[in-house]
Amino acid sequence: MDHQLVVFGLAEELFGVEIEAVESIIKIQEITRLPQMPASICGVINLRGHILPVMDLRMRLGLPSTPHTPHSRIVIINHVQNKIGMMVDSVEEVVILSDDAIESVSSIITTINSEFIEGIAKLDDRLIVLLNLETVLATAMESSEMI
Numbered sequence: 000m001d002h003q004l005v006v007f008g009l010a011e012e013l014f015g016v017e018i019e020a021v022e023s024i025i026k027i028q029e030i031t032r033l034p035q036m037p038a039s040i041c042g043v044i045n046l047r048g049h050i051l052p053v054m055d056l057r058m059r060l061g062l063p064s065t066p067h068t069p070h071s072r073i074v075i076i077n078h079v080q081n082k083i084g085m086m087v088d089s090v091e092e093v094v095i096l097s098d099d100a101i102e103s104v105s106s107i108i109t110t111i112n113s114e115f116i117e118g119i120a121k122l123d124d125r126l127i128v129l130l131n132l133e134t135v136l137a138t139a140m141e142s143s144e145m146i
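Each step along the sequence shown adds one to the number in numbering that gives the first Met the number 0, with nothing skipped, and position 120 is 119.
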């Protein structure tokens with residue numbers, strides 16, 4: 000079976016999510032901060048009349064924070080009947096990979112907490128970390144219920 004992935008950059012690494020989960024990719028826009036939100040939630044945006052929470056994916060994954068660049072984007076994810084924005088450093092490409100190009104986390108990583116990682120994909124000479132949206136977005140899902 001083939002997997003079609005949206006690949007994005009974050010802290011000089013490549014990450015990917017299944018394209019079916021991605022509704023759109025937008026430029027960074029004004030984010031309204033809200034009190035009492037989890038640290039990884041930057042705030043909310045108004046996207047075509049809908050208020051959506053935006054997650055700083057760097058912070059959620061424990062990566063160092065950096066200022067936005069002209070390449071920074073918000074990836075709008077449809078997940079469990081909710082829409083959530085994930086702030087990323089750049090969106091690189093859409094790729095199609097076969098099952099044999101993807102290795103499970105358990106066969107690669109046994110010593111770190113890998114709850115956010117679904118697998119590692121090999122694409123030419125690059126590695127793409129496949130995110131487990133269920134666990135990555137867990138905090139954002141709880142926050143979106145408060146909005």
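For glycine and all other residues, C-beta sits at the position ideal for the given N, C-alpha and C.
### Query
What residues in its chain sit with their C-beta under 8 Å from that of P66, if we drop five residues either side in the sequence?
none
### Alpha-carbon to alpha-carbon, R72 and V93
15 Å
### Task
Go through the region 57 to 137 residue by residue and report every complete run of the alpha helix (DSSP H) that reaches 4 residues or more, in order.
132 to 135
### Query
Which residue's Cα is closest to the Cα of I76: A10, P69, T68, V87?
V87
### Task
Report the rounded CA-to-CA distance for G42 versus L126, giving the unit in angstroms.
31 Å
### Query
Can at least three beta-carbon pairs, one atom from the region 49 to 58 and one from the region 20 to 39, be found at a separation below 8 Å?
yes
### Task
Report the option in Q80, A120, L130 whose CA atom is closest to the CA atom of D1.
A120
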